[in-house]
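Below you'll find the structure, written out as structure tokens, and then a few comments.
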Amino acid sequence: MDEMTHVRELRAEATEPDRGRLAAGRTRLTEAALAGQRRRALWRRREFVIVAVVAAVTAVAVTVTVLLAGTTPGRKVEPAATPNADLRGLSAAQLLERAAELVEKEPDSAVPRADQWIYTLQMAEAPDPGTVKVLGRAAIEQPGWIRYDGSAMASVNPVPKGQKSKLSVTKMHLENGGEGDDRSPRELYRVLDALPAGAEQTLKFLREKNAIADGKGTTQAESDYTEISVLLTAYVMPSKGLASLYRALATLPGGKVVDHLVKDAAGRRVIALAYPRDGTLKSGESMADQWLIDPQTYRIVGTRMLVDGKVVGGQSIAARAVVDKAGARG
Amino acid sequence: MSGPPSAAARGGDDAEVVARSLEEPELFALLYDRYAADIHRYAARRLGDGAADDVTADTFLAAFRIRSRYDLSRANARPWLYGIAGNLIGKQRRTEVRALKALARTGRDPVAASWGDSWVEDTDSRIAAQGPLAGALAALSAGDRNVLLLVAWADLTYQEVAEALGIPVGTVRSRLNRARRKVRTALGADPAFVNDAAEVA
Numbered sequence: 454m455d456e457m458t459h460v461r462e463l464r465a466e467a468t469e470p471d472r473g474r475l476a477a478g479r480t481r482l483t484e485a486a487l488a489g490q491r492r493r494a495l496w497r498r499r500e501f502v503i504v505a506v507v508a509a510v511t512a513v514a515v516t517v518t519v520l521l522a523g524t525t526p527g528r529k530v531e532p533a534a535t536p537n538a539d540l541r542g543l544s545a546a547q548l549l550e551r552a553a554e555l556v557e558k559e560p561d562s563a564v565p566r567a568d569q570w571i572y573t574l575q576m577a578e579a580p581d582p583g584t585v586k587v588l589g590r591a592a593i594e595q596p597g598w599i600r601y602d603g604s605a606m607a608s609v610n611p612v613p614k615g616q617k618s619k620l621s622v623t624k625m626h627l628e629n630g631g632e633g634d635d636r637s638p639r640e641l642y643r644v645l646d647a648l649p650a651g652a653e654q655t656l657k658f659l660r661e662k663n664a665i666a667d668g669k670g671t672t673q674a675e676s677d678y679t680e681i682s683v684l685l686t687a688y689v690m691p692s693k694g695l696a697s698l699y700r701a702l703a704t705l706p707g708g709k710v711v712d713h714l715v716k717d718a719a720g721r722r723v724i725a726l727a728y729p730r731d732g733t734l735k736s737g738e739s740m741a742d743q744w745l746i747d748p749q750t751y752r753i754v755g756t757r758m759l760v761d762g763k764v765v766g767g768q769s770i771a772a773r774a775v776v777d778k779a780g781a782r783g
Numbered sequence: 002m003s004g005p006p007s008a009a010a011r012g013g014d015d016a017e018v019v020a021r022s023l024e025e026p027e028l029f030a031l032l033y034d035r036y037a038a039d040i041h042r043y044a045a046r047r048l049g050d051g052a053a054d055d056v057t058a059d060t061f062l063a064a065f066r067i068r069s070r071y072d073l074s075r076a077n078a079r080p081w082l083y084g085i086a087g088n089l090i091g092k093q094r095r096t097e098v099r100a101l102k103a104l105a106r107t108g109r110d111p112v113a114a115s116w117g118d119s120w121v122e123d124t125d126s127r128i129a130a131q132g133p134l135a136g137a138l139a140a141l142s143a144g145d146r147n148v149l150l151l152v153a154w155a156d157l158t159y160q161e162v163a164e165a166l167g168i169p170v171g172t173v174r175s176r177l178n179r180a181r182r183k184v185r186t187a188l189g190a191d192p193a194f195v196n197d198a199a200e201v202a
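These protein sequence lines are chains A and B, in that order.
Be aware that the first sequence starts at 454, since it is given in our numbering, and climbs by one per residue.
Be aware that the second sequence starts at 2, since it is given in our numbering, and climbs by one per residue.
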């Protein structure tokens with residue numbers, strides 16, 4: 454019996470209260486709500502709130518630019534001469550096929566050794582303005598390391614502005630399901646490396662193996678999407694495996710290519726490929742994932758979450774490298 | 002995705018309930034109906050029966066007051082509510098630790114005893130395992146204990162704990178691993194793992 458089972462069993466006899474027990478708390482809540490109702494006139498329309506949120510997001514975007522000016526570690530990608538022309542009218546399937554054809558021809562970089570680390574510098578998309586105020590750049594720039602065999606991770610703990618940050622290394626046991634639904638970079642690589650060529654074969658393989666995530670969606674397409682999504686964020690990807698994933702993704706419904714390059718949090722202009730999330734709000738707001746794709750390498754360089762077309766979160770990968778020890782940046 | 006099947010019929014997913022409650026505050030009570038029992042049980046498990054009523058009510062009042070800051074991209078409000086409850090419970094750290102230490106020393110659990118009829122005294126063998134475990138839980142930092150119990154008792158995923166507490170997933174992982182390591186050490190398992198701990202520290 455492992456230690457988590459012991460913890461789970463402690464006081465497991467606790468029972469849920471009956472409705473009578475909960476009634477007083479519900480009354481306190483509804484009283485507070487009615488008081489809020491009386492102030493409702495002050496709220497104005499909800500649209501006003503949304504406008505405020507958008508304004509906040511814009512303000513943060515400006516902050517990001519200022520904070521990163523001159524120090525962005527990522528390379529700058531200059532927009533092509535007519536950057537938008539070839540995206541207009543392009544379907545998700547066409548884009549993904551183009552991407553698959555391009556990446557599958559690329560030679561694979563060396564597979565990391567078990568004791569090597571994958572360094573990733575992520576930039577937060579739409580970070581919380583309050584956190585940015587306190588932490589400064591640390592709220593936006595998120596360097597991290599994971600050992601290829603999943604036996605440890607390292608991060609720089611964010612500290613308030615002006616203080617010196619420190620590398621913190623944590624031992625992990627990511628392989629063989631040691632950490633629940635998480636996987637080591639090596640395990641993800643192995644799944645990708647085993648993918649067959651061709652969309653249908655890839656989907657069949659993923660469904661049979663159910664290798665990565667239990668399909669949470671209610672439909673086959675949603676389960677497939679979940680599985681593919683996890684693999685698309687693998688740390689090290691063999692070219693052919695990525696091409697197979699792209700082709701499998703191309704068969705799923707709902708993908709839309711944004712008809713112009715978008716600017717990511719690392720300051721690059723990138724292709725955005727959006728998929729609606731299930732659970733679109735009935736109030737009309739829609740939620741979507743956006744995959745950010747480098748227009749030259751056609752590799753995924755970030756993900757964003759959108760509500761009603763507005764970016765509310767996500768990360769752009771500003772740098773990634775295989776290094777020999779945690780803390781090294783390639 | 003989760004929540005009762007009738008949820009959609011009764012007002013939409015949690016994010017939508019929160020959004021609509023900005024204009025129609027009384028709708029927020031739907032979230033109470035969905036999750037108050039869960040939160041109450043969690044609070045009763047950590048602090049005892051007496052504190053659970055107040056922690057539950059205060060959790061939802063606090064959530065209601067800050068609902069305009071709710072991240073509407075999160076369809077399920079359960080992690081958010083557990084995060085608030087965890088912070089409220091954390092304010093009673095000494096109460097919680099005192100009960101755990103009592104369990105560790107005497108084998109009697111004041112928290113379980115507070116539940117009254119629903120609780121049946123444990124057998125001796127169970128108590129033998131509970132003592133060191135309770136001692137280890139008592140010795141954890143409040144933050145590490147919060148993460149561990151959100152995973153073990155509230156069944157939140159790492160991502161949900163990160164959302165609940167507003168911390169990066171990497172921090173969740175490191176806190177959880179530190180907590181698990183200490184618990185494992187206290188339970189006297191796997192000496193190799195203890196060596197790992199020494200290296201990292």
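We put the CB at the ideal spot given by N, CA and C, even for glycine.
Put simply, the region 699–716 of chain A touches the region 540–548 of chain A. At least three CB pairs are less than 8 Å apart. Within 8 Å of the CB of S621(A), the CB atoms of chain B belong to S175, in sequence order along the chain. Partner residues in the beta bridge of K763(A), as assigned by DSSP, are V760(A). One thing to note: L482(A) has its Cβ within 7 Å of the Cβ of Y33(B). Using a CB distance below 7 Å, the part of the region 458–469 of chain A facing chain B consists of H459, V460, R461, L463, R464, E466, A467, T468 and E469, ordered along the chain. A579(A) is positioned such that its CB atom lies closer than 7 Å to that of V764(A). The contact set of T686(A) on chain B, defined by CB atoms closer than 9 Å, is empty, because the minimum CB distance reaches about 12 Å.
A direct Cα-to-Cα measurement between A165(B) and K693(A) gives close to 38 Å. Taking K716(A) as the centre and dropping the five residues before and after it, the same chain places the C-beta of R722 closer than 7 Å to its C-beta, in chain order. Closest by C-alpha distance to S22(B), out of R70(B), A38(B) and D110(B), is R70(B).
The three-state reading of DSSP puts V689(A) in coil, since its state is none of H, G, I, E or B.
Distance between A652(A) and Q673(A), taken at the CA atoms: about 15 Å. When C-alpha distances from L141(B) are compared across T186(B), A44(B) and V170(B), the shortest belongs to T186(B). Within 8 Å of the CB of A477(A), the CB atoms of chain B belong to D54 and A58, in sequence order along the chain.
For K183(B), the three-state secondary structure derived from DSSP is helix. Burial of A553(A) is indicated by the presence of at least 16 other C-beta atoms within 10 angstroms of its C-beta.
Interface flag for S618(A) against chain B is unset, since no Cβ pair is found closer than 7 Å.
Y43(B) is bridged by DSSP to nothing; it lacks a bridge partner. By the neighbour-count criterion, in which 16 or more other beta carbons inside 10 Å mark a residue as buried, Q160(B) falls on the exposed side.
Among the CB atoms of chain B, one or more fall inside 7 Å of the CB of V765(A).
Beyond the five residues adjoining it in sequence on each side, E594(A) comes within less than 7 Å, by CB distance, of L574 and M576 in the same chain, given in chain order. In this structure, A139(B) places its C-beta atom within 7 Å of the C-beta atom of L101(B). At a cut-off of 7 Å between beta carbons, V760(A) contacts chain B. Boundaries of the alpha helix (DSSP H) around I85(B): R79 to G91.
Looking at the backbone, the Cα of Y36(B) and that of E661(A) are separated by about 35 Å. If you draw a straight line from the Cα of Y751(A) to the Cα of R176(B), it comes to about 36 Å. Around the Cβ of G478(A), a 10 Å sphere holds 16 or more other Cβ atoms; the residue is buried. DSSP, read as helix, strand or coil, puts V585(A) in helix.
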